[in-house]
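Residue numbers (my numbering): 53 to 362.
Even for Gly, the Cβ is constructed at its ideal location relative to N, Cα and C.
See structure below.
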Amino acid sequence: MADKKVIVVFGATGAQGGSVAAALLDDGTFEVRALTRDPSKPAAAKLKEAGAEVVSADLDDEKSLEAALSGAYGAFLVTNFWEHFSKEKEVTQVTTPWNFFSLQGKLVADISKRLALEIVVFSGLENVKKLTEGKLEVLHFDGKGEIEEYFREIGVPMTSVRLPSYYENLLTFFRPQKNKNGDGYSLAIPMGDVLMDGMSVKDLGGVVVTILKSPSEYIGKNIGLSTEKLTVEQYAAIMSRVTGKDIKDAKITLEAYEKLGFPGAAEVANMFRFLFMKPDQDVEVTKKLNPKAQSFQSWMEENKEAFKDL
Ligand code: NAP
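The following block contains the structure:
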């Protein structure tokens, strides 16, 4: 039997890469090379147990990336803006002492080109600054948009998958908060009555496997993912129905949200300003790529227990 082709998975110990690694291992068509900066962490051990080759690599270390990508057929790349809050670092990074232009996204693109990878699936997003002619900047989007453009510029066969807000954010960042008067809960997402796309990050893996198995159909495309478009009021109503708790849209304005003052609040508010413009997220295409992708109702039912202690 011929050796299986190798897919390198960045961020394999995290949400996106973890979903991709799990789906690839489950599908079995490809060998999975899972990257982490720390192969001794529990998530890495689990990947090994499940059949992945676990390799140590750092997006800031060119040599480690070159070794990790050698001999691979393709890769799934996710860069992590929130690790360093810097668009510059996500796109390119200056390392000392030689002031050498090391790269994260662009570095992976350059190495992929050098090693002639046949496909890279990149977790991209729109270059909002370019789309709005400089009127709006969303650094964690713009950086990914620049990386998409760079892959195309240097001619690496690449598909960009643009994720919407994960449903899983409702367990953490957007978790409903108890109202001050102790009566019910509020969902503080400043989208007004505009529909907001969402999906479970666990469904990304199935999407990426389909793309990797039919590359010619998807190379060169930017695919906006979504499994459902709902208003915050609709999200809250479904959450209330499933949990039996009274959860309502807090109807927080963008201006009030920005003033909450947590690290990155202005950046997140700018992201919502862009989401108001209804970026191109395609539910039909997402379901074609992953027919098992969950609706919000079904995700809530599966995660109901996690809201028990609201
Ligand atoms: P995550 O669960 O926090 O995982 C981050 C992963 O990145 C980890 O596996 C970590 O691996 C790896 N990593 C971080 N720095 C690295 C480095 N220098 N070298 C190698 N690996 C590194 O994050 P995620 O949710 O999967 O992905 C985050 C990205 O998703 C962000 O850029 C965000 O903008 C984007 N995004 C998020 C949403 C959302 O709704 N949350 C929606 C669309 C896009 P080790 O620690 O094991 O090395």
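Between residue i and the ligand NAP, is there a pair consisting of the residue's CB and a ligand heavy atom that are separated by less than 7 Å?
| i | result |
| --- | --- |
| Asp55 | no |
| Ser350 | no |
| Asp90 | yes |
| His64 | Looking at the sequence shown, residue 64 is not His but Ala. Yes, the ligand NAP has a heavy atom inside 7 Å of this Cβ. |
| Thr338 | no |
| Gly276 | no |
| Val130 | yes |
| Asp249 | no |
| Ala109 | yes |
| Phe359 | no |
| Leu215 | yes |
| Asn221 | yes |
| Asp194 | no |
| Leu87 | yes |
| Ser164 | no |
| Lys100 | no |
| Gln346 | no |
| Tyr218 | yes |
Is residue i buried or exposed, if buried means 16 or more other CB atoms sit within 10 Å of its CB?
| i | result |
| --- | --- |
| Asn322 | buried |
| Asp55 | exposed |
| Asn151 | Here the model assigns Asn151 a pLDDT of 28, short of 50, so the residue's position is not dependable and the matter cannot be decided. |
| Ser154 | Residue confidence for Ser154 is low, a pLDDT of 35 falling below 50, so the modelled location carries little weight; the figure read from the coordinates is stated next. Buried, because 16 or more other Cβ atoms sit within 10 Å of the Cβ of Ser154. |
| Trp351 | buried |
| Arg214 | buried |
| Asn342 | buried |
| Ala168 | exposed |
| Glu83 | buried |
| Ala97 | exposed |
| Ile241 | buried |
| Thr305 | exposed |
Could you pull the DSSP bridge partners for residue i from this structure?
| i | result |
| --- | --- |
| Val160 | DSSP lists no partner for Val160. |
| Glu280 | Gly250 |
Could you tell me whether the segment 159-167 touches the segment 110-121, where touching means 3 or more Cβ pairs closer than 8 Å? yes
Pairs of beta-carbons, one from the segment 240-259 and one from the segment 275-290, closer than 8 Å: are there three or more? yes
Count the C-beta pairs between the segment 229-246 and the segment 176-187 that are closer than 8 Å, then say yes if the count reaches three, no if not. no
At 3 residues or longer, what runs of the beta strand (DSSP E) sit wholly inside the segment 72-105? 83-88
Does the segment 272-284 come close enough to the segment 335-349 to have 3 or more Cβ pairs within less than 8 Å? yes
Run through the segment 207-261 for me and flag every whole beta strand (DSSP E) of 3 or more residues, listed as ranges in chain order. 210-214, 237-239 and 248-251
Check whether the segment 64-82 and the segment 252-271 touch, using three or more Cβ-Cβ pairs below 8 Å as the test. yes
Validate contact between the segment 292-301 and the segment 103-113 using beta carbons, cut 8 Å, 3 pairs: no
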